[in-house]
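Which chain is which? The protein sequence lines are A and B, in order.
Residue 46 in my numbering is what sits at position 46 of the first sequence, and the numbering runs on without skipping anything.
Take any residue in the second sequence, count from 1 to its spot, add 182: that is its number in my numbering.
Note that CB positions come from ideal geometry on N, CA and C, so glycine has one too.
Notes to accompany the following structure.
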Amino acid sequence: MNESKISVRYPKAFFSLSVEKNLSVAVKKDVDTLLHLFETQPGFKALLASPVLPASAKKSFVDKVFKEQFHAMTIDFLHLLLKNGREIYLFEICLNFNRLYSLQTGVKFAQLTTAVALDKIQLDQFSDIIQQMFGSKAEVNSKVDPSILGGFVLKVDDQQMDASVSTQLRRMKREMVNVIKN
Amino acid sequence: MAGLKPAEVSEILKQQLDGFKTASEFEEVGTVLQVGDGIARVYGLSNVQSNEMVEFDCGVMGIVLNLEEDNVGCVLLGPSEKIKEGDGVKRSNKIASIRVGHGLLGRVINTLGEPVDGKGPISGELYEMPFERKAPGVIYRQPVNEPLQTGIKAIDSMIPIGRGQRELIIGDRQTGKTTIAIDTIINQKEFFKKGNPVYCIYVAIGQKGSTVANIAKTLQEHGAMDYTVIVMSTASDPAALQFYAPFAGAAIGEFFRDCGYPALIVYDDLSKQAVSYREVSLLLRRPPGREAYPGDIFYLHSRLLERAAKINNTEDVAKNMNDIPESIRHLVKGGGSLTALPIIETQDGDVSAYIPTNVISITDGQIFLESNLFNAGIRPAINVGISVSRVGGNAQIKAMKKVAGTLKLAQAEYRELEAFAKFGSDLDAATKAVLEKGSKNVEILKQGSASPMTVEEQISILYCGTQGLLMEVPTDKIRDFEKDFLQLLSAKYPDTLAQLNKGILNDEITHALEEAAKKTVQNFVF
């Protein structure tokens, strides 16, 4: 079976309903929280994918953890996924939801990784640059990762500019190894 | 690193920094959703093309095979252990390809073109050739008209192969399929020495490393590696490398073909390739069909074998051939050819299984090997009755055609009568004669491995057989007779052999052959 149909159709329905009801901003926030959870808590995906846990257990988990902070519509959506047994695809669904949201609003989501924290002015400069290059507004989400040593990694949708020191060092190493090998 | 001086390092640094790109550019990336069993599903990469190479964060390369609505399926060309969910994947903007050049000759490489024989990097200029390329169109081809001499009497006489033909070698395990292919490669040495080499490519798919090492050694011992490339993917390589190996071989063969040389490629064997393609397809969740092979297994083999061709020898036409890679456009010449010898292994002689019937229908004929013939000591164990060459007849040299024209039918008739003769002893004289001649011809057609024979020698000995000059020689002495006869010919009748080589067969020559045969026969009559 073509799995990508599931991870495309669910977010499409979810998104268009949220737009109809004028709730897309609130729902988007919930989706971002979920994506953040997937990134930081590897156990979350495993829990959703676990065939041992019955849907009822997963449902009560969703209610306990998310009911307070999420919009009722997101909770309903999660319940629907659980009812249809499609909770494994939640991660892909969230990714596709964001893609639809960015298409609708025309705002690109950029992920900026730097070795040290940037101040507000620098971040604004980045979003100006993105606007110039891609011709649309951008919401810059910044992240600090000391392991890249210096420079920055900017990712806008599928496009990535890797101007980090660590990558350049790695590239240099590879070229030197190639020269020595030959 | 022992011999490296500090100055050298800084020189290298300087050289590298000189051409080093410091400005970063936007690249297209994706994220790994799922990885395992040699495949990965990647989110993003929305503009990636089918068959494009992608690079994972850890340096492993992959090839995109499935483009789906919101993700792409890739096969990995390396170990999957280092790849994690959430890793980045970069587009390379390069369709899967291999770097080919004359430097590959004499080398053993893997599917990606990396040397695996420990002889250092590939030397000489290399050109990028894509794995998947459309076969030449009709106007760029020409009918098969030149023989590809295998050096094996039974094949060159009864199942002749022409340059640009696709001849299947099919049979159970342990029937000598690989031996026929290797002997054919060894026989091309004659042409290499004369300065019109037939470049050979041996593609080993899913074989044991030791087997490939043995083959490389055999070729080396017979001086055949000078014009041969071995492409190997062992049984322990990822399935993707195994099913792309024939395509890598075909790309190398096309390089020689399009540069105007004759080339020969052996795919050993396509049944294993089909199995690895099935593995990848099932893991990519493509729907299974008969014997769980995917629906496009026929197309996989037909598009591969269609690339074997004889190219038109008109320069202007050849230069306009379709889909020539930019890298070799300036080298293209007409008149080249790529002959393919695919090998298929059957189970218990079952040629009506899925893959064998597919490949039989694609190729221009088949050489069928049987284990009971092999065990009876008839080697090569070719079953003449069901082996055919659909186009090779036009490529046979005239003298051979004249001498061996009736041999195939006669041998088939002999096989039929032989079965009847077992029941009774009352046989008429005509039947006895057929049986007698047939059994002697069977002896003549026997040939040891790695002992190819020139075409003139083949014609001479076959002439004796078909003309019934051996009636007085006992069957078990035929092989000794052959040895003595050929020795006598090369010592006393070199002119006759030279003329036979040119394809001439006139009364003078037949006379000389008969004279030599009579002389030799005397030594065997008691």
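Cβ of residue i within 8 Å of any chain B Cβ
{"i": "Gln69(A)", "result": "no"}
{"i": "Met73(A)", "result": "no"}
{"i": "Ala163(A)", "result": "yes"}
{"i": "Gln160(A)", "result": "yes"}
{"i": "Met1(A)", "result": "Interpretation of Met1(A) is limited by its pLDDT of 46, a score under 50 that renders its predicted location unreliable; the figure taken from the coordinates is listed afterwards. Answer yes: the Cβ-Cβ gap between Met1(A) and chain B drops below 8 Å somewhere."}
Simplified DSSP state of residue i, which is helix, strand or coil
{"i": "Lys584(B)", "result": "helix"}
{"i": "Ile549(B)", "result": "strand"}
{"i": "Tyr443(B)", "result": "coil"}
{"i": "Leu713(B)", "result": "Residue 713(B) lies beyond the range of chain B shown here (183 to 708); nothing can be said about it."}
{"i": "Gln593(B)", "result": "helix"}
{"i": "Phe708(B)", "result": "coil"}
{"i": "Phe208(B)", "result": "strand"}
{"i": "Pro675(B)", "result": "Per the sequence presented here, residue 675(B) reads as Tyr, with Pro not at that position. Coil, per DSSP."}
{"i": "Gly255(B)", "result": "strand"}
{"i": "Gln41(A)", "result": "coil"}
{"i": "Ser274(B)", "result": "strand"}
{"i": "Ser102(A)", "result": "helix"}
{"i": "Glu638(B)", "result": "helix"}
{"i": "Val27(A)", "result": "helix"}
{"i": "Met1(A)", "result": "Unreliable positioning characterises Met1(A) in this predicted model, as indicated by a pLDDT of 46, which lies under 50. The coordinate reading is nonetheless provided below. Note: Met1(A) maps to coil in three-state DSSP."}
{"i": "Asn248(B)", "result": "strand"}
{"i": "Ile6(A)", "result": "helix"}
{"i": "Pro470(B)", "result": "strand"}
{"i": "Thr410(B)", "result": "strand"}
{"i": "Asp145(A)", "result": "coil"}
{"i": "Met161(A)", "result": "strand"}
{"i": "Val290(B)", "result": "strand"}
{"i": "Glu575(B)", "result": "For the record, residue 575(B) in the displayed sequence is Gly; it is not Glu. The answer is helix: DSSP assigns Gly575(B) an H, G or I state."}
{"i": "Pro428(B)", "result": "helix"}
{"i": "Val499(B)", "result": "helix"}
Proximity test, Cβ basis, 8 Å: residue i and chain A
{"i": "Asn292(B)", "result": "no"}
{"i": "Leu215(B)", "result": "yes"}
{"i": "Glu296(B)", "result": "no"}
{"i": "Ser672(B)", "result": "no"}
{"i": "Ser206(B)", "result": "yes"}
{"i": "Asp299(B)", "result": "no"}
DSSP bridge partner residues for residue i (one or two, in chain order)
{"i": "Ala110(A)", "result": "Val140(A), Val156(A)"}
{"i": "Arg281(B)", "result": "Glu310(B)"}
{"i": "Gln389(B)", "result": "Thr416(B)"}
{"i": "Ile493(B)", "result": "Arg323(B)"}
{"i": "Tyr449(B)", "result": "Val385(B), Pro524(B)"}
{"i": "Arg223(B)", "result": "Gln216(B), Gly255(B)"}
{"i": "Val236(B)", "result": "Gly244(B), Arg273(B)"}
{"i": "Leu350(B)", "result": "Gln548(B)"}
8 Å contact criterion, which residue i and residue j should meet: CB distance rounded
{"i": "Ser136(A)", "j": "Val107(A)", "result": "7 Å"}
{"i": "Thr114(A)", "j": "Val156(A)", "result": "Their Cβ separation, rounded to whole angstroms, is 15 Å, which puts Thr114(A) and Val156(A) out of contact at 8 Å."}
{"i": "Leu551(B)", "j": "Gly353(B)", "result": "3 Å"}
{"i": "Glu234(B)", "j": "Ser274(B)", "result": "7 Å"}
{"i": "Gly283(B)", "j": "Thr213(B)", "result": "Not confirmed; about 37 Å, so no contact."}
{"i": "Leu258(B)", "j": "Gln370(B)", "result": "Actually they do not touch by this definition, with Cβ atoms about 36 Å apart."}
{"i": "Ala522(B)", "j": "Leu482(B)", "result": "Incorrect: roughly 14 Å between the Cβ atoms, too far for contact."}
{"i": "Val290(B)", "j": "Ile412(B)", "result": "4 Å"}
{"i": "Pro538(B)", "j": "Thr528(B)", "result": "6 Å"}
{"i": "Pro297(B)", "j": "Met503(B)", "result": "The Cβ separation is near 30 Å, so there is no contact."}
{"i": "Tyr536(B)", "j": "Arg472(B)", "result": "5 Å"}
{"i": "Leu345(B)", "j": "Ser519(B)", "result": "At residue 345(B) the sequence reads Arg, which differs from the Leu that was named. Confirmed, about 4 Å."}
Partner residues on chain D for residue i, Cβ-Cβ distance less than 8 Å
{"i": "Lys155(A)", "result": "In the structure shown, chain D cannot be found, because the protein chains are A and B."}
Closer than 9 Å between beta carbons: that is the criterion. Which residues of the stretch 91-108 of chain A meet it against chain B?
Across the stretch 91-108 of chain A, CB contacts with chain B closer than 9 Å involve Phe91, Glu92, Leu95, Asn96, Arg99, in sequence order along the chain.
If the cut-off is 8 Å on Cβ atoms, which residues from the stretch 458-489 of chain B count as contacting chain A, listed in chain order?
Going along the stretch 458-489 of chain B in chain order, one finds Arg467 with a Cβ nearer than 8 Å to chain A.
What residues in the stretch 245-271 of chain B have a beta carbon less than 9 Å from any beta carbon of chain A?
Result list: Glu250, Glu251, Asp252, Asn253, Glu267, Gly268, Gly270.
Which residues, taken in chain order from the stretch 4-26 of chain A, show a beta carbon closer than 8 Å to some beta carbon of chain B?
For chain B, the residues of the stretch 4-26 of chain A that bring a beta carbon within less than 8 Å of one of its beta carbons are Ser4, Lys5, Ser7, Val8, in chain order.
Going along the chain, which residues of the stretch 217-240 of chain B sit with their C-beta nearer than 8 Å to a C-beta in chain A?
Residues of the stretch 217-240 of chain B whose Cβ lies closer than 8 Å to any Cβ of chain A, in chain order: Tyr225, Gly226, Leu227, Ser228, Asn229.
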